[in-house]
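Asks: Numbering (UniProt numbering), first residue to last: 1 to 314. A virtual CB, placed ideally from N, CA and C, is assigned to each residue, including glycine. Since the model is a prediction, treat every value here as computed from it, not as a measurement. Before anything else, here's the structure in question.
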(Lines of atoms letter the chains of each structure in order from A and count residues from 1; the text may use other names and numbers.)
(Lines give C-alpha, C1' and ligand atoms only; values in the text may rest on other atoms or scores of the structure.)
Protein backbone atom coordinates (compact mmCIF):
# COMPACT_ATOMS: atom_id res chain seq x y z
CA UNK A 1 0.00 0.00 0.00
CA UNK A 2 1.43 3.37 -1.02
CA UNK A 3 2.71 5.58 1.77
CA UNK A 4 2.68 2.81 4.39
CA UNK A 5 6.01 1.98 5.94
CA UNK A 6 6.94 -1.66 6.03
CA UNK A 7 7.84 -2.99 9.44
CA UNK A 8 11.45 -4.05 9.65
CA UNK A 9 12.50 -7.38 11.05
CA UNK A 10 14.21 -6.78 14.41
CA UNK A 11 17.96 -7.17 14.42
CA UNK A 12 19.25 -10.36 16.01
CA UNK A 13 20.65 -9.36 19.38
CA UNK A 14 22.71 -12.54 19.54
CA UNK A 15 24.92 -11.45 16.62
CA UNK A 16 27.15 -9.37 18.91
CA UNK A 17 29.93 -11.25 20.77
CA UNK A 18 29.39 -9.19 23.94
CA UNK A 19 25.68 -9.98 23.93
CA UNK A 20 26.35 -13.68 23.38
CA UNK A 21 28.62 -13.67 26.44
CA UNK A 22 25.94 -11.85 28.42
CA UNK A 23 23.28 -14.38 27.43
CA UNK A 24 25.54 -17.31 28.32
CA UNK A 25 26.16 -15.67 31.71
CA UNK A 26 22.40 -15.31 32.24
CA UNK A 27 21.86 -18.98 31.41
CA UNK A 28 24.48 -20.03 33.96
CA UNK A 29 22.82 -17.83 36.58
CA UNK A 30 19.45 -19.37 35.79
CA UNK A 31 20.84 -22.90 36.14
CA UNK A 32 22.43 -21.95 39.46
CA UNK A 33 19.15 -20.43 40.64
CA UNK A 34 17.20 -23.58 39.77
CA UNK A 35 19.52 -25.66 41.98
CA UNK A 36 19.76 -23.14 44.80
CA UNK A 37 18.19 -24.21 48.08
CA UNK A 38 15.45 -21.78 49.12
CA UNK A 39 14.96 -21.63 52.90
CA UNK A 40 12.05 -19.18 52.73
CA UNK A 41 8.64 -20.26 51.50
CA UNK A 42 7.54 -18.18 48.50
CA UNK A 43 4.54 -15.89 48.63
CA UNK A 44 1.40 -17.79 47.76
CA UNK A 45 3.10 -21.15 47.25
CA UNK A 46 1.10 -24.30 47.49
CA UNK A 47 1.37 -26.86 50.29
CA UNK A 48 4.86 -28.03 51.20
CA UNK A 49 5.63 -31.49 49.81
CA UNK A 50 8.28 -34.00 50.85
CA UNK A 51 10.57 -32.54 48.21
CA UNK A 52 10.21 -29.03 49.63
CA UNK A 53 8.00 -26.00 49.07
CA UNK A 54 6.50 -25.45 45.64
CA UNK A 55 8.20 -22.82 43.51
CA UNK A 56 6.09 -19.78 42.71
CA UNK A 57 5.29 -19.42 39.01
CA UNK A 58 3.06 -17.16 36.98
CA UNK A 59 0.44 -19.93 36.94
CA UNK A 60 0.01 -19.80 40.70
CA UNK A 61 -2.00 -17.25 42.59
CA UNK A 62 0.23 -15.36 45.00
CA UNK A 63 -1.41 -14.32 48.25
CA UNK A 64 -0.15 -11.74 50.72
CA UNK A 65 2.05 -13.28 53.42
CA UNK A 66 1.09 -10.62 55.92
CA UNK A 67 -2.08 -8.69 56.60
CA UNK A 68 -1.52 -4.92 56.59
CA UNK A 69 -4.93 -3.45 57.45
CA UNK A 70 -3.53 0.05 57.87
CA UNK A 71 -2.03 0.19 54.38
CA UNK A 72 -4.18 1.81 51.66
CA UNK A 73 -2.82 -0.88 49.32
CA UNK A 74 -4.07 -3.72 51.52
CA UNK A 75 -6.16 -6.21 49.52
CA UNK A 76 -5.19 -4.79 46.12
CA UNK A 77 -3.94 -7.08 43.33
CA UNK A 78 -0.57 -6.24 41.78
CA UNK A 79 0.63 -7.70 38.46
CA UNK A 80 4.41 -7.50 37.95
CA UNK A 81 6.32 -7.87 34.67
CA UNK A 82 9.90 -7.28 33.60
CA UNK A 83 13.39 -8.69 33.95
CA UNK A 84 15.49 -10.10 36.80
CA UNK A 85 15.23 -6.92 38.87
CA UNK A 86 11.50 -7.49 39.34
CA UNK A 87 11.82 -11.29 39.19
CA UNK A 88 14.45 -11.31 41.95
CA UNK A 89 17.52 -12.68 40.13
CA UNK A 90 18.80 -15.65 42.18
CA UNK A 91 16.27 -15.14 45.01
CA UNK A 92 12.88 -14.72 43.39
CA UNK A 93 10.79 -14.98 46.53
CA UNK A 94 12.19 -11.73 47.94
CA UNK A 95 12.37 -9.46 44.93
CA UNK A 96 11.55 -5.77 45.32
CA UNK A 97 7.90 -6.35 44.40
CA UNK A 98 7.61 -9.34 46.75
CA UNK A 99 8.86 -7.22 49.63
CA UNK A 100 6.39 -4.43 48.86
CA UNK A 101 3.52 -6.89 48.45
CA UNK A 102 4.25 -8.51 51.81
CA UNK A 103 4.52 -5.21 53.66
CA UNK A 104 1.47 -3.60 52.09
CA UNK A 105 -0.85 -6.62 52.02
CA UNK A 106 -0.99 -6.85 48.23
CA UNK A 107 -1.81 -9.96 46.26
CA UNK A 108 1.11 -10.39 43.87
CA UNK A 109 0.98 -12.10 40.48
CA UNK A 110 4.49 -12.02 38.99
CA UNK A 111 5.44 -12.98 35.43
CA UNK A 112 8.87 -11.29 35.18
CA UNK A 113 11.81 -13.32 33.88
CA UNK A 114 15.57 -13.15 34.26
CA UNK A 115 17.17 -11.80 31.07
CA UNK A 116 13.99 -10.34 29.59
CA UNK A 117 14.19 -7.38 27.22
CA UNK A 118 12.04 -4.58 25.89
CA UNK A 119 13.26 -5.05 22.32
CA UNK A 120 12.87 -8.25 20.36
CA UNK A 121 14.62 -11.24 21.91
CA UNK A 122 15.13 -14.80 20.70
CA UNK A 123 15.93 -16.16 24.17
CA UNK A 124 13.14 -18.39 25.51
CA UNK A 125 12.58 -21.27 27.89
CA UNK A 126 12.03 -19.37 31.13
CA UNK A 127 15.09 -17.20 30.56
CA UNK A 128 14.62 -13.88 28.82
CA UNK A 129 12.08 -13.27 26.12
CA UNK A 130 10.33 -10.02 25.36
CA UNK A 131 8.53 -8.31 28.23
CA UNK A 132 5.48 -7.34 26.18
CA UNK A 133 4.81 -11.07 25.68
CA UNK A 134 4.63 -11.70 29.44
CA UNK A 135 1.04 -10.48 29.53
CA UNK A 136 0.13 -13.63 27.61
CA UNK A 137 1.46 -15.78 30.46
CA UNK A 138 -1.19 -14.74 32.97
CA UNK A 139 -3.70 -17.53 33.49
CA UNK A 140 -7.43 -16.96 33.27
CA UNK A 141 -7.77 -18.11 36.88
CA UNK A 142 -5.86 -15.10 38.21
CA UNK A 143 -7.68 -12.25 39.98
CA UNK A 144 -8.10 -9.05 37.98
CA UNK A 145 -5.29 -6.58 38.73
CA UNK A 146 -5.84 -3.28 40.49
CA UNK A 147 -2.44 -1.99 39.36
CA UNK A 148 0.41 -3.15 37.10
CA UNK A 149 4.15 -2.59 37.51
CA UNK A 150 6.87 -3.35 34.96
CA UNK A 151 10.50 -2.57 34.25
CA UNK A 152 12.81 -3.17 31.32
CA UNK A 153 16.00 -1.81 29.86
CA UNK A 154 18.94 -3.35 31.73
CA UNK A 155 19.19 -6.14 29.17
CA UNK A 156 18.81 -3.66 26.30
CA UNK A 157 21.55 -1.33 27.56
CA UNK A 158 24.35 -2.27 25.19
CA UNK A 159 26.36 0.17 23.05
CA UNK A 160 26.27 -2.35 20.20
CA UNK A 161 22.53 -1.71 19.79
CA UNK A 162 21.89 1.66 21.48
CA UNK A 163 21.62 4.35 20.18
CA UNK A 164 21.49 2.61 16.77
CA UNK A 165 18.15 0.97 17.61
CA UNK A 166 16.94 3.50 20.19
CA UNK A 167 14.22 5.23 18.18
CA UNK A 168 12.13 8.08 19.54
CA UNK A 169 8.73 8.62 21.14
CA UNK A 170 6.52 10.58 18.76
CA UNK A 171 3.06 12.10 19.05
CA UNK A 172 1.22 9.42 17.05
CA UNK A 173 -0.90 7.00 19.08
CA UNK A 174 -1.70 4.53 16.31
CA UNK A 175 -0.02 1.22 17.27
CA UNK A 176 0.53 0.47 13.57
CA UNK A 177 2.96 3.39 13.40
CA UNK A 178 5.29 2.05 16.08
CA UNK A 179 8.68 0.87 14.82
CA UNK A 180 9.11 -2.46 16.58
CA UNK A 181 12.73 -2.61 15.51
CA UNK A 182 13.53 0.12 18.06
CA UNK A 183 13.60 0.30 21.84
CA UNK A 184 11.17 3.23 21.79
CA UNK A 185 8.65 1.42 19.62
CA UNK A 186 8.80 -1.73 21.72
CA UNK A 187 8.57 0.23 24.99
CA UNK A 188 5.36 1.89 23.82
CA UNK A 189 4.08 -1.45 22.51
CA UNK A 190 4.70 -2.98 25.95
CA UNK A 191 2.50 -0.36 27.59
CA UNK A 192 -0.18 -0.92 24.95
CA UNK A 193 -0.04 -4.69 25.46
CA UNK A 194 -0.91 -4.21 29.13
CA UNK A 195 -3.64 -1.71 28.21
CA UNK A 196 -5.11 -4.14 25.68
CA UNK A 197 -5.39 -6.88 28.30
CA UNK A 198 -6.44 -4.67 31.22
CA UNK A 199 -7.82 -1.41 29.74
CA UNK A 200 -8.67 0.51 32.92
CA UNK A 201 -5.82 -0.61 35.17
CA UNK A 202 -3.18 2.00 36.14
CA UNK A 203 0.41 1.18 35.19
CA UNK A 204 3.66 1.93 37.03
CA UNK A 205 7.07 1.81 35.37
CA UNK A 206 10.04 1.00 37.63
CA UNK A 207 13.03 3.08 36.54
CA UNK A 208 15.80 1.08 38.20
CA UNK A 209 18.91 2.50 39.83
CA UNK A 210 21.98 3.69 37.98
CA UNK A 211 23.86 0.51 37.08
CA UNK A 212 27.31 -0.31 35.78
CA UNK A 213 26.41 -0.36 32.10
CA UNK A 214 27.46 2.27 29.57
CA UNK A 215 26.40 5.62 31.08
CA UNK A 216 25.44 7.27 27.80
CA UNK A 217 23.31 4.25 26.85
CA UNK A 218 21.50 4.35 30.21
CA UNK A 219 20.61 7.98 29.63
CA UNK A 220 19.44 7.35 26.06
CA UNK A 221 17.08 4.66 27.37
CA UNK A 222 15.91 6.86 30.24
CA UNK A 223 14.90 9.64 27.86
CA UNK A 224 12.71 7.20 25.95
CA UNK A 225 11.25 5.67 29.11
CA UNK A 226 10.22 8.99 30.62
CA UNK A 227 8.82 10.30 27.33
CA UNK A 228 6.74 7.17 26.75
CA UNK A 229 5.42 7.15 30.32
CA UNK A 230 4.41 10.81 30.03
CA UNK A 231 2.71 10.16 26.69
CA UNK A 232 0.66 7.19 27.90
CA UNK A 233 -0.07 8.31 31.47
CA UNK A 234 2.17 5.78 33.21
CA UNK A 235 3.37 6.55 36.75
CA UNK A 236 7.14 6.30 37.23
CA UNK A 237 8.69 4.69 40.31
CA UNK A 238 11.94 6.55 39.80
CA UNK A 239 14.72 4.84 41.74
CA UNK A 240 17.14 6.22 39.13
CA UNK A 241 16.20 9.86 39.61
CA UNK A 242 14.81 10.01 43.15
CA UNK A 243 17.56 8.17 45.05
CA UNK A 244 21.34 8.34 45.22
CA UNK A 245 21.80 4.60 44.56
CA UNK A 246 24.54 4.44 41.93
CA UNK A 247 26.39 1.23 41.06
CA UNK A 248 29.21 3.27 39.54
CA UNK A 249 30.14 3.95 43.16
CA UNK A 250 32.11 0.89 44.25
CA UNK A 251 30.94 0.98 47.86
CA UNK A 252 27.28 1.12 46.80
CA UNK A 253 27.79 -1.60 44.20
CA UNK A 254 29.23 -3.98 46.79
CA UNK A 255 26.91 -3.03 49.66
CA UNK A 256 23.55 -2.95 47.90
CA UNK A 257 23.66 -5.54 45.09
CA UNK A 258 24.26 -9.27 44.73
CA UNK A 259 25.15 -11.92 42.16
CA UNK A 260 25.33 -14.94 44.45
CA UNK A 261 23.56 -16.36 47.48
CA UNK A 262 25.38 -15.68 50.74
CA UNK A 263 26.44 -18.12 53.43
CA UNK A 264 23.19 -17.39 55.28
CA UNK A 265 21.07 -18.54 52.32
CA UNK A 266 20.00 -14.98 51.48
CA UNK A 267 21.09 -12.57 48.72
CA UNK A 268 24.77 -11.86 49.21
CA UNK A 269 26.16 -8.97 51.25
CA UNK A 270 29.78 -7.91 51.89
CA UNK A 271 29.65 -10.05 55.05
CA UNK A 272 28.17 -13.20 53.49
CA UNK A 273 29.44 -13.41 49.90
CA UNK A 274 32.99 -13.54 48.53
CA UNK A 275 33.29 -13.18 44.76
CA UNK A 276 36.20 -14.58 42.73
CA UNK A 277 36.16 -11.39 40.64
CA UNK A 278 35.36 -8.60 43.14
CA UNK A 279 36.21 -5.87 40.65
CA UNK A 280 33.25 -7.00 38.54
CA UNK A 281 30.81 -8.70 40.91
CA UNK A 282 28.44 -7.98 42.36
CA UNK A 283 27.60 -6.03 39.22
CA UNK A 284 25.35 -3.45 40.88
CA UNK A 285 22.35 -4.45 38.80
CA UNK A 286 20.37 -6.63 41.21
CA UNK A 287 19.49 -5.13 44.61
CA UNK A 288 20.03 -7.29 47.67
CA UNK A 289 17.69 -7.03 50.65
CA UNK A 290 19.47 -3.95 51.99
CA UNK A 291 19.15 -2.26 48.60
CA UNK A 292 15.49 -3.16 48.39
CA UNK A 293 14.73 -1.96 51.92
CA UNK A 294 16.55 1.34 51.61
CA UNK A 295 15.94 2.32 47.99
CA UNK A 296 13.48 0.23 46.01
CA UNK A 297 10.61 -0.56 48.39
CA UNK A 298 9.87 3.05 49.47
CA UNK A 299 9.89 4.35 45.89
CA UNK A 300 7.71 1.51 44.58
CA UNK A 301 5.22 1.86 47.44
CA UNK A 302 4.88 5.59 46.86
CA UNK A 303 4.36 5.12 43.11
CA UNK A 304 1.72 2.40 43.58
CA UNK A 305 -0.21 4.66 45.94
CA UNK A 306 0.05 7.54 43.49
CA UNK A 307 -1.15 5.40 40.58
CA UNK A 308 -4.16 4.23 42.59
CA UNK A 309 -4.79 7.63 44.16
CA UNK A 310 -4.68 6.27 47.71
CA UNK A 311 -2.70 7.12 50.84
CA UNK A 312 -1.08 10.17 49.27
CA UNK A 313 -0.97 12.00 52.59
CA UNK A 314 0.82 9.20 54.43
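Evaluate the contact criterion for the stretch 201–216 versus the stretch 241–253: three or more CB pairs, one atom per stretch, below 8 Å.
Replies: Yes, the stretch 201–216 touches the stretch 241–253.
Asks: Check the C-beta distance from residue 188 over to residue 201 and give it rounded, since I have them as a contact under 8 Å.
Replies: Their Cβ separation, rounded to whole angstroms, is 17 Å, which puts residue 188 and residue 201 out of contact at 8 Å.
Asks: Name the DSSP bridge partner or partners of residue 109?
Replies: The partner list for residue 109 (beta bridge, DSSP) reads 79.
Asks: Should residue 157 and residue 217 be called a contact, given that it needs their Cβ atoms to be closer than 7 Å?
Replies: In this structure, residue 217 lies closer than 7 Å to residue 157 by Cβ.
Asks: Is the stretch 278–291 touching the stretch 253–262, taking contact as three or more C-beta pairs under 8 Å?
Replies: A contact exists between the stretch 278–291 and the stretch 253–262.
Asks: When you compare each of 195, 221 and 166 to residue 135 by their alpha carbons, which one comes out closest?
Replies: Nearest of 195, 221 and 166 to residue 135, Cα basis: 195.
Asks: For residue 242 and residue 101, I'd like the C-alpha separation in whole angstroms.
Replies: In a straight line, the C-alpha of residue 242 is about 21 Å away from that of residue 101.
Asks: Are three or more beta carbon pairs between the stretch 135–149 and the stretch 175–186 nearer than 8 Å?
Replies: Contact fails: fewer than three Cβ-Cβ distances are below 8 Å.
Asks: Sort out for me which residues DSSP pairs residue 235 with in a bridge.
Replies: Answer is 204.
Asks: Could you name the residues that DSSP lists as bridge partners for residue 257?
Replies: Paired residue(s): 287.
Asks: Look up residue 70 in the DSSP assignment and say whether it is helix, strand or coil.
Replies: Here residue 70 sits in coil by DSSP.
Asks: Please report the distance separating the alpha-carbon of residue 111 from that of residue 129.
Replies: One C-alpha to the other measures close to 11 Å.
Asks: Hey, quick one: how far does the alpha helix (DSSP H) through residue 149 stretch, first residue to last?
Replies: Taken as a continuous stretch (DSSP letters only), residue 149 belongs to no alpha helix (DSSP H), being part of the beta strand (DSSP E) at 147–150.
Asks: Is residue 1 helix, strand or coil when you go by DSSP?
Replies: Since pLDDT at residue 1 reaches only 44, below the 50 mark, its modelled position is unreliable, and the value read off the structure follows with that caveat. Coil at residue 1, not helix or strand.
Asks: Taking the C-alpha atoms as reference points, what is the distance between residue 270 and residue 223?
Replies: Those two C-alpha atoms are separated by around 33 Å.
Asks: Indicate whether the contact test is met: 3 or more Cβ pairs, each with one atom in the stretch 69–77 and one in the stretch 90–110, closer than 8 Å.
Replies: Short answer: they touch.
Asks: Per the DSSP calculation, residue 246 is bridged to which residue(s)?
Replies: Note: residue 246 sits in a beta bridge opposite 210.
Asks: If you run the structure through DSSP and keep just helix, strand and coil, what is residue 92?
Replies: In the structure shown, residue 92 sits in a helix (DSSP, three-state: H, G or I).
Asks: Give the secondary structure of residue 117 by DSSP, where H, G and I count as helix, E and B as strand, and everything else as coil.
Replies: In this structure, residue 117 counts as strand in the three-state DSSP scheme.
Asks: Below 8 Å, can you find three or more Cβ-Cβ pairs linking the stretch 78–85 to the stretch 112–120?
Replies: At 8 Å Cβ cutoff, the stretches touch.
Asks: How many angstroms separate the CA atom of residue 179 from the CA atom of residue 166?
Replies: Roughly 10 Å separates the two Cα atoms.
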